[in-house]
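*Asks:* In the working numbering, the protein residues as written are 66 to 245.
Cβ coordinates follow ideal geometry from the N, Cα and C atoms, glycine included.
And the structure:
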């Protein structure tokens, strides 16, 4: 699942929602050679072949939140949704959405808002949504704070919707789940 594959899924999403997709022809792509993704990062096998990926440097800010308790969270860091420095680390796929954090919000250039419940497959998909939505909430339940193994703490759905809601308009009601 590369940014190109994610774009194909994004085109289908836009078609279903009646949205105009991000125009790749109007933007300058960046190609990363010798890309070693999640498989290599996890196994470090000597026979993993390098890949080449192409992405688009989108200037959208993402705030990653630290979950501090039940329905309690605070901003931890704000950065671009594509962190090019991560391409120089062991986990290069973390360049997209800073990897798999539990809760983040992204500022887009579109209108309305959407909440995406995801796993890592959405990391290269979500950046395209910045063309269509003004606010994007991203939740990865695998990486939220756990006090005990049986207790999963996360902001309530109402808190999430309130956070990503644009103060000037009501929630658009869009919700997307992306899992492999």
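Quick one, which of 192, 94, 85 has its alpha-carbon nearest residue 171's?
*Replies:* Counted from its first residue, the chain shown places residue 171 at position 106. Sorting 192, 94, 85 by C-alpha distance to the C-alpha of residue 171 places 192 at the top.
*Asks:* Per DSSP, what kind of secondary structure is residue 204 in: helix, strand or coil?
*Replies:* Here the question's residue 204 lines up with position 139 in the chain shown. Residue state, collapsed to three classes: strand.
*Asks:* Per DSSP, what are the beta-bridge partners of residue 85 in this structure?
*Replies:* To locate residue 85, count along the chain shown from 1; it is residue 20. BP columns for residue 85 are empty, so no partner.
*Asks:* Would you check if the distance between the CB atom of residue 117 and the CB atom of residue 98 is smaller than 8 Å?
*Replies:* Along the chain shown, one-based indexing puts residue 117 at 52. Along the chain shown, one-based indexing puts residue 98 at 33. Yes, the pair counts as a contact, with Cβ atoms nearer than the cut-off.
*Asks:* Taking a contact to mean a Cβ-Cβ separation below 8 Å, would you say residue 162 touches residue 188 in this structure?
*Replies:* As a position in the chain shown, residue 162 is number 97, starting the count at 1. As a position in the chain shown, residue 188 is number 123, starting the count at 1. In contact: residue 162 and residue 188 (Cβ atoms closer than 8 Å).
*Asks:* Using CA coordinates, which residue listed in 119, 120, 83, 156 is at the minimum distance from residue 108?
*Replies:* On the chain shown, residue 108 is found 43 positions in, with the first residue counted as 1. Selected option, being the one with the closest Cα: 156.
*Asks:* Could you check if residue 163 belongs to the surroundings of the ligand GDP, using beta carbon to heavy atom distance under 7 Å?
*Replies:* This structure does not include the ligand GDP; it has no bound ligands of any sort.
*Asks:* Does the beta-carbon distance from residue 67 to residue 96 come in below 8 Å?
*Replies:* What you label residue 67 is simply residue 2 of the chain shown in a count that begins at 1. What you label residue 96 is simply residue 31 of the chain shown in a count that begins at 1. No, the pair does not count as a contact, with Cβ atoms beyond the cut-off.
*Asks:* Can you check whether the CB of residue 149 is closer than 8 Å to the CB of residue 8?
*Replies:* Nothing about residue 8 can be reported from this structure: the residues present for the chain run from 66 to 245 only.
*Asks:* Taking its Cβ as the centre, do 16 or more other Cβ atoms sit within 10 Å of residue 82, making it buried, or is it exposed?
*Replies:* Taking the chain shown and counting its residues from 1, one reaches residue 82 at position 17. Taking all protein chains shown into account, residue 82 has fewer than 16 neighbouring C-beta atoms within 10 Å of its C-beta and is therefore exposed.
*Asks:* Taking the C-alpha atoms as reference points, what is the distance between residue 166 and residue 93?
*Replies:* In the chain shown, the residue the question calls residue 166 occupies position 101. In the chain shown, the residue the question calls residue 93 occupies position 28. Approximately 28 Å, taken between the alpha carbons.
*Asks:* For residue 161, does the three-state DSSP call read helix, strand or coil?
*Replies:* Sequence index remark: in the chain shown, residue 161 carries index 96 (1-based). Strand.
*Asks:* Between the alpha carbons of residue 72 and residue 175, how many angstroms are there, rounded?
*Replies:* Mapped onto the chain shown, residue 72 falls at position 7. Mapped onto the chain shown, residue 175 falls at position 110. When rounded, the distance between both Cα atoms is 17 Å.
*Asks:* Within its chain, find whatever has a CB closer than 7 Å to the CB of residue 139; leave out the 5 residues flanking it on each side and keep chain order.
*Replies:* For the purposes of this step, residue 139 is taken as the residue at position 74 of the chain shown. Excluding positions up to five away in sequence, the list reads 130, 131, 133.
*Asks:* On the criterion of 16 or more Cβ atoms from any shown chain inside 10 Å, does residue 87 qualify as buried, or is it exposed?
*Replies:* Position 22 of the chain shown, counted from the first residue, corresponds to residue 87. Counting Cβ neighbours within 10 Å, residue 87 comes out buried, since at least 16 surround it.
*Asks:* Below 7 Å CB to CB, which residues in the same chain sit around residue 128 once its five sequence neighbours on both sides are set aside?
*Replies:* Taking the chain shown and counting its residues from 1, the one referred to as residue 128 is at position 63. Excluding residues within five positions, the ones whose Cβ falls inside 7 Å are 140, 143, 169, 170.
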